[in-house]
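So for the sequence shown, this note's numbering puts the first residue at 3; every next one is plus one. Each residue gets a CB set at the ideal place from its N, CA and C atoms; glycine is no exception. Here's the structure, in structure tokens; my notes come after.
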Amino acid sequence: MNSKKINTLLILTILFASMTLGFNSHYNVLAASTAEPTLEHIMIDEDEIDYYNFENNTEITVEYSVDRYSGVDGIVLVGEGSNLNMTTVDSLNLAFSYSFQDRTYYTVTFELTENTYFKGYGWVGDKTNGTYEEVDEFNHLGPWHYLFVNEQGIPPEFHGIVNATNTGGFHTYYAPSNQTNHTIVISYRVYGESINENITLVTSVYRDKLYNASLDVFDSSVQFIKMNYANVSTETYAVYNTTITFTERTLHFAANNSYGWDTWDDGLVKTYLNIYEINNGFYFKSDTVLQESITNVDEIEILITTLNSTETETFGIGYYVIESLENDTEIVSWTQVEGTLQNNYTEINDFGYNDTMREYNASIGVHAVDNIIYFEAYNIYYGEIYNETVGNYHTIRIYDSKPTLELYPISGSYVNHEDVTFKFDIFLNRGNITEILIDYDDGSLIANLTALEPDEDDGLYRVTHIYPLITNDYNITLTVSTSLGTSNNITNYLYIDFDAPTLEITAYTNNATEITDGYVELYFTYDDDYSGVLTVYIYWGDGVVQNATDDSFAFHYYVESGTYDVVVEVQDKGGNTFN
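Dropping the structure here:
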């Protein structure tokens with residue numbers, strides 16, 4: 003038994019915390035007054051309890067509270083059983099216990115001698131003028147608190163199920179719904195004098211239709227089945243059962259009798275309604291038909307795979323689209339597309355039964371490069387919509403269908419030889435290369451390199467072309483086509499320079515009389531008509547090399563006497579030199 007000891011200190015602590023949190027500067031005690039009592043605790047020997055079935059002659063203590071400023075003069079317990087009375091003037095009086103902050107507390111103890119139901123009634127002036135407690139419990143018997151005597155009759159308790167397998171989940175069982183004449187036997191047991199008891203099995207494909215239904219209010223999706231005595235009895239209980247044919251993907255059930263609903267938990271009657279589920283293993287999932295990068299020329303097809311769905315269900319795809327990862331502007335708002343049944347087959351599951359597999363297809367069109375698509379499958383089952391991922395959407399990024407190309411030498415390069423080796427790289431998001439063409443721009447035929455294989459080491463394609471020995475510039479164009487019907491090209495500018503630069507020494511220090519302390523000067527001019535000068539270096543002959551690029555004058559100090567050969571070397575961007 004999950005119980006806790008109730009004492010004055012604990013009550014005061016709880017109430018103090020509660021009222022402190024509720025306090026504000028505009029508190030008006032009279033405006034909030036009400037005569038309606040509130041049930042605080044049901045106790046046995048000062049222990050609070052959370053169950054409702056007891057041995058005969060158990061002493062039960064109930065505690066109520068009421069608004070301290072409501073003018074209530076007292077509380078009575080109205081009801082039937084255990085000497086309770088439905089008439090307020092003849093009902094059981096609760097005794098004043100104490101007051102704390104804005105609540106006053108009353109208690110009464112009575113002996114439980116039979117199945118009993120009750121509620122509180124707060125009266126003002128006399129017992130004909132008062133307010134009943136409002137009770138909202140889920141119980142087809144009525145808006146009351148119920149206490150049961152084990153020997154006299156209590157709500158039914160789930161006994162077992164035949165032809166369904168517990169899946170390890172709480173109150174969850176598996177059974178194949180697509181098998182011919184697959185029947186399930188559901189059993190409940192009742193205690194006390196219950197051989198002739200009316201036990202009702204209540205079923206629905208919707209769990210919430212059972213759980214959320216209020217007092218005797220159910221819609222047409224809820225079915226009521228009278229259970230049959232199974233001719234099985236023990237000293238303490240009798241068994242009732244019902245046989246059903248399981249044809250849906252999911253069935254929920256609960257049971258009741260004249261004493262209430264099955265709220266058993268660990269051998270005790272409590273307040274939480276036990277709802278059991280039988281399912282056929284149903285699930286559904288979605289994925290793109292194309293299991294590769296999806297490009298801007300691909301019609302996006304979504305495959306919805308279902309296990310043990312029924313023929314009357316609807317499946318489809320919901321999606322929305324944003325511009326890109328960098329720009330989350332929504333360009334397609336939430337849209338639903340109903341799927342079309344494409345395939346229907348069976349597979350044997352782990353239980354040895356045939357699972358029915360159905361595949362649906364939904365198309366969501368073609369989208370632009372870098373678009374991001376978020377999608378999930380949905381299912382409509384008996385008018386209710388179920389979502390596959392519940393917000394954790396699948397994601398599609400749209401890639402470019404055209405190949406990405408890199409060509410070397412890079413554009414603007416210079417060479418000074420007739421045999422030029424070109425290297426290039428091709429990257430495809432999807433598809434295959436169908437054609438590789440290169441135009442060398444020298445009047446030769448466009449070369450078809452489709453059969454060319456990339457290098458095993460670096461993955462680059464290589465091809466060498468012989469150009470005429472003429473200084474010139476060329477636009478080399480590489481074009482690649484794909485199996486998607488797309489193509490791309492890249493053009494690099496290449497300068498081929500066979501002409502050396504020019505150089506002229508215009509003046510220099512050339513005799514001993516002009517050389518003072520080893521100081522010499524050198525004046526020069528240089529040029530390159532085609533590619534331009536890249537570097538100018540002066541080799542002074544004593545091991546010193548001077549970078550004179552962009553200069554036309556240079557000087558140098560020699561530290562030792564002697565004769566030195568001075569060399570001026572000019573190199574152009576094509577690699578040609580003159581000195």
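A check of alpha carbon separations from glycine 127 across Gly73, Tyr119, Arg105, Gln225 identifies Gly73 as the nearest. Assignment of threonine 205 by DSSP, reduced to helix, strand and coil, places it in the strand class. Linking glutamate 48 to threonine 90 through their CA atoms gives a straight-line distance of about 27 Å. In the structure shown, the three-state DSSP call for tyrosine 213 is helix. Counting only unbroken stretches of 3 or more residues, the beta strand (DSSP E) elements lying wholly within the stretch 314 to 387 are 316 to 324, 332 to 340, 342 to 350, 356 to 365, 374 to 383, in sequence order. Assignment of valine 561 by DSSP, reduced to helix, strand and coil, places it in the coil class.
Considering only Tyr321, Asp567, Ser67, the residue with the shortest C-alpha distance to histidine 43 is Ser67. Assignment of threonine 90 by DSSP, reduced to helix, strand and coil, places it in the helix class. Of His396, Glu315, His558, Thr342, the smallest CA-CA separation from valine 323 is found for His396.
DSSP, reduced to helix, strand and coil, places glutamate 153 outside both helices and strands of the structure shown, so it counts as coil. Of the candidates Ile277, Thr106, Thr307, Tyr560, the residue whose Cα lies closest to the Cα of aspartate 519 is Tyr560. In this structure, the beta-carbon distance from valine 299 to threonine 436 does not fall below 8 Å. Per DSSP, tryptophan 542 lies in no beta strand (DSSP E) segment and is marked neither H nor E.
Secondary structure at threonine 452: coil, using DSSP grouped into helix, strand and coil.
Classified as exposed, valine 547 has fewer than 16 neighbouring CB atoms from the shown chains inside 10 Å of its CB. Considered as a whole, the stretch 476 to 520 harbours 489 to 498, 504 to 510 as its complete beta strand (DSSP E) runs of no fewer than 3 residues, in chain order. Residue environment analysis places tryptophan 336 among the exposed positions, since fewer than 16 neighbouring C-beta atoms fall within 10 angstroms of its C-beta.
Take proline 178, set aside five residues on each side of it, and the residues of its chain with a beta-carbon closer than 7 Å to its own are His184, Asn282, Tyr355, in chain order.
When the five nearest sequence neighbours on each side are left out, the beta carbons in the same chain lying within less than 7 Å of the beta carbon of threonine 481 are those of Leu439, Ser489, Asn491, in order along the chain. For the options Arg432, Tyr190, Leu149, Ile156, the alpha carbon positioned closest to that of valine 164 is the one of Tyr190. Counting C-beta pairs closer than 8 Å gives fewer than three between the stretch 157 to 175 and the stretch 93 to 112, which falls short of the contact rule. Counting every other CB atom within 10 Å of its CB across the protein chains shown gives threonine 308 a total of 16 or more, marking it as buried. Per DSSP, the continuous beta strand (DSSP E) segment holding glycine 76 begins and ends at 76 to 82. Excluding sequence positions up to five before and after serine 84, its CB lies within less than 7 Å of the CB of Phe112, Glu113, Leu114, Thr115, Glu116, Thr118, all in the same chain and listed in chain order. Between tyrosine 54 and leucine 149, the C-beta gap is smaller than 8 Å, which places the two residues in contact. Taking serine 206 as the centre and dropping the five residues before and after it, the same chain places the C-beta of Leu212, Ser223, Val224, His254 closer than 6 Å to its C-beta, in chain order. Here lysine 404 is buried: its Cβ has 16 or more other Cβ atoms, across all protein chains shown, within 10 Å. Take tyrosine 525, set aside five residues on each side of it, and the residues of its chain with a beta-carbon closer than 6 Å to its own are Thr508, Ala509, Phe555, in chain order. Inclusion of asparagine 381 and glutamate 361 in the CB contact set at 8 Å is not warranted, their separation being larger than that value. Per the coordinates, the alpha-carbon of asparagine 168 lies some 29 Å from the alpha-carbon of glycine 155. If you compare the alpha carbons of Asp289, Tyr376, Asn310 with that of tyrosine 347, the shortest gap goes to Asn310. Residue burial annotation: lysine 228 is exposed, with fewer than 16 other C-beta atoms found within 10 angstroms of its C-beta. Taking C-beta separations shorter than 7 Å and ignoring five residues to either side along the sequence, the partners of aspartate 444 in its chain run Tyr469, Pro470, Tyr476, following chain order. The secondary-structure analysis by DSSP pairs isoleucine 472 with nothing; it has no beta-bridge partner. Threonine 493 counts as exposed, since fewer than 16 other beta carbons sit within 10 angstroms of its beta carbon. Residue state for tryptophan 146 is assigned as coil, using DSSP reduced to three classes.
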